[in-house]
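Asker: Numbering-wise, full-length UniProt numbering puts 88 at position 88 of the sequence shown, and it's gapless, one number per residue.
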Amino acid sequence: MTETFFTQGKDYTLGMPHLSLTGLSENWFLKEFGDHHWNLISGSLGISTDKLVDHSGERLYASFVRIKWESDKDLSAFKENDPIRITSEISRFGNKMFFSEQELTGADHKIRASLMTVFSARTTDNTELQKSAPVKQADEKTRTHKKLPEFAKGFLQMKSNLSDTDKSEWWHTFAGNSFKVTSHCIAQYTYQIDPFSDINGVGLLYFASYPMINDRCERKVFNELDIEDSDWTQSNVCLSRDIFYFGNANPKDELVYELNHYEFLEKNKIQISSSIYRKADRALISKQFVVREFKKEWTAEIEKHSDEQTRPFVQQPEKIEDFTENRTSIERTELIQKIGGILSEMLGGVTISSKTDLSLLGIESILFMELSEQLNIDLNLNTNPSKFYGAQNCEEIADIVLNRSGNTVKAFEIEKEKTKDEIAIVATSFKLPGANTAEAFWEILKSGESVIGSLPEGRWEWPKEINPEILHKGIDKGGFITGLDEFDPSFFSISPLEAELMDPQQRLLLQLSWELFERAAYHPDRYRGKDIGVFIGASGSDYEQLSYNSTSGISVTGSASALLSNRISYFFDLKGPSKTVDTACSSSLVALHDAILALQAGICTQAIVGGVHLMCNSAKTISYYTSKMLSEDGKCSTFDQNANGYVRAEGAVLFLLKPLSEAVADNDEILGTIKGSAVNHGGRVSGITVPNPKQQSELVIAALKNANLTMSDLSYLEAHGTGTSLGDPIEINGLNDVANKMNGEIRPNSCGLGSVKSNIGHLEAASGLVGVLKVLLAMKHRQIPPTINYKQLNPKIDLHSGPFYIQQNLQKWVPENKNNTLFAGVSNFGVGGTNAHVIIGSHIEQERIQKVRDTSCPLLFVLSAVTAEALRKLAGKLKKYILQNENTDLQALSATLQMGRAELGQRIAVVSSEKEELMSALEDFEHHKPNNRLVHGKANPDTAKVLPENADWDQIAAYWVAGGTVDWKQYISSNIKWLTDLPVYPFAKERYWIPGSKKDKVKNYKSHEICNHDRSCLTDELINCLIPDLAGWINKDFGLLFPELIRGIFKDNHSGKQYILKNVFWTEENMDLKSGDQVPLRIIRKDEAEYFEFSKSGKPLFFGEMHECNREYEYNEVNSREEKQLNQLDSQLLNRKLQTVHNPCRILEIHAGKNSFDGIIEVRTGTLFNVFQGLWTIRKILASVNSKTVNYSAEPKDLLPYFSEEINLKGDLNPLMPFKIKKTKNSYDFLLFNSQGIMQFAFKGVREGEMITEFLYQN
């Protein structure tokens, strides 16, 4: 027998004790496999089996949780006196999971087996083994897995599925077959444990007894089913078996075997699924999946048992469903660290802080299962892993474990109470032509200003047949916003490449949704995980059309209209309904109606409602113009005799809605209330685009009835009013019909009509909410603004039959009811016939009695941002705000900044009692000047010190800036008036647009031309790199070429700067690239760094950061043999191996140290790609090397780099280069030196494994 710490081999000659009636004894070889597994664990830990204990000194046993084996022939192929050999290799994951891969080899047949154990300690009543972990040995040499092995994932997934009381069946794949896992019981048999043959030395079921018990019961069941006139045992042989161990039993227990499912694979093969339970408590202790082969072709049909029934896998769910009380002395902070440590180890050493977003790390449900077991083992905490799903970070998991979730209501148990409440609008954010703030937009409205202008320069180029100057007058007019191509992707954890491919409508809505929370003085984190709905009205995207001529295809998540709402829900973690509504021009008002219904039905507690429309392409404008829909003079003349079409416009509007009673209770600023709403369709008329005045009339009646009002209650109506000669009269005729049908006296000239489209144009899908916004501002100022471009009434419009007049001047808006409430209607019609109408009411705020502040007492003012640059801009904006608002309430300002803003990484805090002192501190910070009243820093929650009791404002300021969490509520008055007009976050204005469009200058270079490229003034550039023709490279390793392409861009640049790459990711295992392909490289400068991305078809392949560095950094490492040379390896054998994989390098000399290799290679080609490929292949071949042995015949492991902490590309290639490959805990360093020992190239912190998926890139 030969063995090392990792492997074991043993030879046998088969005798009668090794055989059974049907060939090789399964019971015997399972016992041998178990002995090998146990011996290897003991040897690798360097301790005898009786000395294995846990931290409390309790004796530990290796408990099998899964064993599977497969044979290439049936067991009867093994004969007496046959020589066989069993070889085994051990490995581990974490502190408690051990795995062995074993092989039993005969003359021409083989059995392969996989075994998995965890350490367990015996319970006092000896009914089972409780999982625990061994005391870690200092000299342990077991090979460890960086990630949870698939074999273990299969076990945990099976366990998770079985624990799910809602899951009755699924499929399990084993031995190339799919087994049905079901709770059906075809037949069952009760088995009495035999203490002499079934029990081990611990007094529990022996692991090898499980298949024996299964087969004994299986024989009884199938023999009783009268299959054929032969004994089941003698009629077939076992080919493979997969055993899942979930529990144990003692000699006094009775067991119940259940046959769950069987299926014939061929005439002579059958697969069987079965279960074994403890009879007393019906605890599942085993699931087995078996493939059997009959000795002759099977002809009989198996009759199913007559009492077939379905049972849940979990008979007593209370035992596993909820552990609500964990009485433990462990502190929350310690538990958080423990959870982070366990998850970090399972993910290969990834750094996880208390607030790390676990969803970005790809935490799978099976890892939560493992985490739950590890907490049970290490801390004796009973936890339910199903409750971990959806937890955002370690803090939330710790609170779940410690039952700090408060009085939660179980899902589906208590129906939400429906509310008849009116719906309040508590905040708005928008970006419209000429206005981004309420003040600016009101100024446009009240002054009767038109912001219609010409197409912005660079927006698009007209086709040659379009001539706006002569032939197509007015086609280039519209209501345009600025900064259409600007976005701050890093704020939203979106990569620059993805930002380019995202519909600008998504980008605009994301930034406006953040502003919406700030306008409401809401801290976004307070609403994460809450059932807040998102309803967005939108109709198509011009941006997607730009991809047709682009070098990069647009991503699904970039162009899909559903993502307009879904992205908001995703980013803020909002769990209510999330939907995008497309009913053409009525989209946004229909979205508002849907949100109202959802709020009133209790489907969501609050709702974000929005509309968006942007113009990125000329196609629709040309189509509408040629269809005579657009105004030829570039004016929207609603209700006027000269109305000749509408003017297109763009922008977005968002509102935040909640029940009125809650808004009042929360001290929200209430912009207005929604009294009622309605939606309908015009039905079948002469054409799908023809409006139906009768249905428009029915629509308004339905909305008024819903609001318990009549037309006589309205004093203003914001019409759809697009300025078309036919559409305007149809709308007014419908409104006249409403006035005549509803009860109430018609008072002439009692209700003004207007349309905001005359000021800013028609925002199409977003137009309805623009009308609502206009009404809300008019109610706030108690003035009705004029409708411009109106001179002479369209003769087709009848104003004599109703109460309406055209609002031509700015007019005071005085309520005419005892409630002192203003009422207005807003109409919105879609070209396809979908109509919407809402009734808006004003709100009178109750007077608040606030405690007079002692002006001598200081206050704490806090600000934060993602970057230092944004923070300085925000400080300047706040200083300007205070200067312009002389009566600013400092107490309200302090409270709003504390409670109504997110707490981001870059922070400042000012303790002050005086307005001038505060403004001085803000101004000093804005201009990089010191100020002793101000604290500035970058938050790090893991290093923040504990806040002392009775801390003063200075201590709280320092604590918060360092990253501490402060409960601001205790310092704020309950009736505080939030300041909703404070400056909002200053997002970075970085340009992102479809690569390859006419606005982007694209350069193409071959690899040698790249080397001569001048980067001295590069700030944002797209370069199409042509893949060179490199002989001898392997397609699967092609990602290793990218560092060479980056090096070429920096090589010989005129600035003389040196760069290193940091936090570099490879995202594709098989890049499917070939010589001559174009790979777009995007380089973007942001703050002090540049970012690069290679992509193909819009998907990232290789990306990271570029940092300028100094020469001292470049030459700070020299070649030295840090470790004793233990063995000179056979370079000739290794070179032969390298040749088989077409490696371009030749090893001249190589030595193996304990944790490193060093030597000299001959570089046969002049590219860094070839050298790195050579070193990587060497490392793969040397995967089995240690200080004493090397397996020269080993096949290279099929692993690739997926991450590198740092790549240094500064040096020069030489024909002969010393190299060093150093292994750290979780990664490798590859260093190349010149003949003087000075480092030339370095690939540091390189991690290998399965390629990362797109979520890492996106986040």
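All C-beta atoms in this analysis are idealised placements derived from N, C-alpha and C, irrespective of residue type, glycine included.
1. One question on the structure: do CYS636 and GLY830 come within less than 8 Å of each other, judged by their Cβ atoms?
2. Measure the beta-carbon distance from VAL401 to LEU335 and round it to whole angstroms, keeping in mind my assumption that it falls under 8 Å.
3. Distance, Cα to Cα, LEU918 vs GLU949?
4. Tell me the DSSP secondary structure of VAL609 in three-state form.
5. Compare the Cα-Cα distances from ASP751 to each of ILE1161, GLY1104, ILE730 and GLY825 and report the closest residue.
6. Would DSSP call PHE535 helix, strand or coil?
7. What separation, rounded to the nearest whole angstrom, lies between the Cα atoms of ALA107 and ASN81?
8. Per DSSP, what kind of secondary structure is PHE6 in: helix, strand or coil?
9. Assuming contact is defined by CB atoms lying nearer than 8 Å, are ILE788 and SER450 in contact in what I supplied?
10. Run the CB neighbour count on THR333, radius 10 Å, all protein chains shown included, and call it buried at 16 or more, exposed below.
11. Using only the alpha-carbon positions, how far apart do LEU1232 and THR1067 sit?
12. Could you tell me which residues DSSP puts in a beta bridge with THR834?
13. Quick one: Cα of ARG278 to Cα of ASN403, how far?
14. Quick one: is PHE1243 buried, meaning 16 or more other Cβ sit within 10 Å of its Cβ, or exposed?
15. Tell me the residue span of the beta strand (DSSP E) that contains THR351.
16. With respect to the alpha helix (DSSP H) encompassing LEU1209, which residues constitute its N-terminal and C-terminal limits?
17. Would you identify the three-state DSSP class for GLU461, choosing helix, strand or coil?
18. How about the stretch 671 to 682 and the stretch 455 to 474: do they share at least three Cβ pairs that are nearer than 8 Å?
19. Mapping the DSSP letters down to three states, classify GLY341 as helix, strand or coil.
20. Quick one: what's got a C-beta closer than 6 Å to GLU1093's C-beta in the same chain, skipping five residues either side?
21. Going by beta-carbon coordinates alone, are LEU512 and LYS431 separated by less than 8 Å?
22. By how many angstroms is the C-alpha of GLY833 removed from the C-alpha of THR689?
23. What residues in its chain sit with their C-beta under 8 Å from that of TYR1115, if we drop five residues either side in the sequence?
24. Classify VAL814 as buried or exposed, calling it buried when 16 or more other Cβ atoms lie within 10 Å of its own Cβ.
25. Just mark ILE784 as buried or exposed, buried being the case when its beta carbon has 16 or more other beta carbons within 10 Å.
26. For GLU32, which of LEU343, ASP50, LYS989 and LEU104 has the nearest alpha-carbon?
27. I'd like the span of the beta strand (DSSP E) that includes PHE1219, first residue to last.
28. Report the CB separation of SER894 from LEU860 in whole angstroms; it is logged as a contact under 8 Å.
29. Could you give the C-beta distance for residue 1270 and ILE452, rounded to a whole number, given that I count them as a contact under 8 Å?
30. Relative to the C-alpha of ILE276, which candidate in ALA944, PRO211 and GLN696 has its C-alpha closest?
31. Measure from the alpha carbon of GLU650 to the alpha carbon of each residue in ASN828, LEU763 and THR351, then state which is nearest.
32. Since PHE572 is in the alpha helix (DSSP H), which residue starts that stretch and which ends it?
33. Under 8 Å, do ILE423 and PRO659 count as touching if we go by C-beta distance?
34. For GLY754, write down the residues that DSSP places opposite it in a beta bridge.
35. When you compare each of VAL612, PRO941, HIS472 and GLN891 to SER974 by their alpha carbons, which one comes out closest?
36. For chain C, find out if any of its Cβ atoms is closer than 8 Å to the Cβ of ASN161; answer yes or no.
Answerer: Looking at the atomic coordinates:
1. The sequence position of residue 636 within the sequence shown is 636, counting from 1. The sequence position of residue 830 within the sequence shown is 830, counting from 1. Not in contact: CYS636 and GLY830 (Cβ atoms no closer than 8 Å).
2. Looking up residue 401 in the sequence shown gives position 401. Looking up residue 335 in the sequence shown gives position 335. That pair is a contact at about 6 Å.
3. Walking along the sequence shown from the start, residue 918 turns up at place 918. Walking along the sequence shown from the start, residue 949 turns up at place 949. Cα to Cα, LEU918 sits roughly 26 Å from GLU949.
4. Translated into positions along the sequence shown, residue 609 becomes position 609. VAL609: strand per DSSP, three-state reduction.
5. On the sequence shown, position 751 is the one that residue 751 refers to. The identity of residue 751 in the sequence shown is Cys, whereas the question assumes Asp. Checking every option, the nearest Cα to that of CYS751 belongs to GLY825.
6. Indexing the sequence shown from 1 puts residue 535 at position 535. Strand.
7. The sequence position of residue 107 within the sequence shown is 107, counting from 1. The sequence position of residue 81 within the sequence shown is 81, counting from 1. Straight-line Cα distance between these residues: approximately 11 Å.
8. Within the sequence shown, numbered from 1, the residue matching residue 6 stands at position 6. Three-state result, PHE6: coil.
9. Sequence index remark: in the sequence shown, residue 788 carries index 788 (1-based). Sequence index remark: in the sequence shown, residue 450 carries index 450 (1-based). For ILE788 and SER450, yes; Cβs fall inside 8 Å.
10. For the purposes of this step, residue 333 is taken as residue 333 along the sequence shown, with counting starting at 1. Result: exposed.
11. Here residue 1232 is taken as the residue at index 1232 of the sequence shown, counted from 1. Here residue 1067 is taken as the residue at index 1067 of the sequence shown, counted from 1. Distance between the alpha carbons of LEU1232 and THR1067 is about 25 Å.
12. Residue 834 sits at position 834 when you count from the first residue of the sequence shown. DSSP output for THR834 lists HIS681 as bridge partner(s).
13. Reading the sequence shown from its first residue, position 278 is the one you call residue 278. Reading the sequence shown from its first residue, position 403 is the one you call residue 403. Whole-angstrom Cα-Cα distance: 31 Å.
14. Within the sequence shown, numbered from 1, the residue matching residue 1243 stands at position 1243. It is buried - the Cβ of PHE1243 has at least 16 other Cβ atoms within 10 Å.
15. Translated into the one-based positions of the sequence shown, residue 351 becomes position 351. THR351 -> no beta strand (DSSP E), and no H or E assigned at all.
16. Residue 1209 sits at position 1209 when you count from the first residue of the sequence shown. Taken as a continuous stretch (DSSP letters only), LEU1209 belongs to no alpha helix (DSSP H), as it is neither H nor E.
17. Locating residue 461 in the sequence shown gives position 461, where the first residue counts as 1. Correct three-state label for GLU461: coil.
18. no
19. The residue labelled residue 341 in the question sits at position 341 within the sequence shown. DSSP places GLY341 in helix when its eight states are reduced to three.
20. Stepping through the sequence shown from its first residue, residue 1093 is reached at position 1093. Excluding sequence neighbours, GLU1093 sits near LEU497, ARG1082, PRO1100 and PHE1103.
21. Reading the sequence shown from its first residue, position 512 is the one you call residue 512. Reading the sequence shown from its first residue, position 431 is the one you call residue 431. Cβ distance < 8 Å, so LEU512 and LYS431 count as in contact.
22. As a first step, residue 689 is located in the sequence shown; it is residue number 689 there, counting from the start. As a first step, residue 833 is located in the sequence shown; it is residue number 833 there, counting from the start. Taking the straight line from one Cα to the other gives about 7 Å.
23. Here residue 1115 corresponds to residue number 1115 of the sequence shown, with the count starting at 1. Note that TYR1115 has pLDDT 38, beneath the 50 cutoff, so the model's placement of it is unreliable and no number is given.
24. Counting from one through the sequence shown, the residue named residue 814 turns up at place 814. Counting Cβ neighbours within 10 Å, VAL814 comes out exposed, since fewer than 16 surround it.
25. On the sequence shown, position 784 is the one that residue 784 refers to. Result: buried.
26. Translated into positions along the sequence shown, residue 32 becomes position 32. With distances taken between Cα atoms, GLU32 lies closest to LEU104.
27. Mapped onto the sequence shown, residue 1219 falls at position 1219. That run of the beta strand (DSSP E) goes 1216 to 1223.
28. Start at 1 with the first residue of the sequence shown, and residue 894 comes out as number 894. Start at 1 with the first residue of the sequence shown, and residue 860 comes out as number 860. Confirmed, about 6 Å.
29. An answer regarding residue 1270 cannot be provided, because it is not within the stretch 1 to 1259 covered by the chain.
30. For the purposes of this step, residue 276 is taken as the residue at position 276 of the sequence shown. Looking at the Cα atoms, PRO211 is the closest of the given residues.
31. Numbered from 1 along the sequence shown, position 650 holds the residue referred to as residue 650. It is LEU763.
32. Counting from one through the sequence shown, the residue named residue 572 turns up at place 572. Segment 563 to 572, the alpha helix (DSSP H) holding PHE572.
33. Here residue 423 refers to the residue found at position 423 when the sequence shown is read from its first residue. Here residue 659 refers to the residue found at position 659 when the sequence shown is read from its first residue. Yes. Within cutoff.
34. Stepping through the sequence shown from its first residue, residue 754 is reached at position 754. Paired residues: GLU718.
35. Position 974 of the sequence shown, counting from 1, holds the residue named residue 974. Ranking the options by Cα distance to SER974, first place goes to GLN891.
36. Going by chain labels, chain C is absent from the structure shown, which holds only one protein chain.
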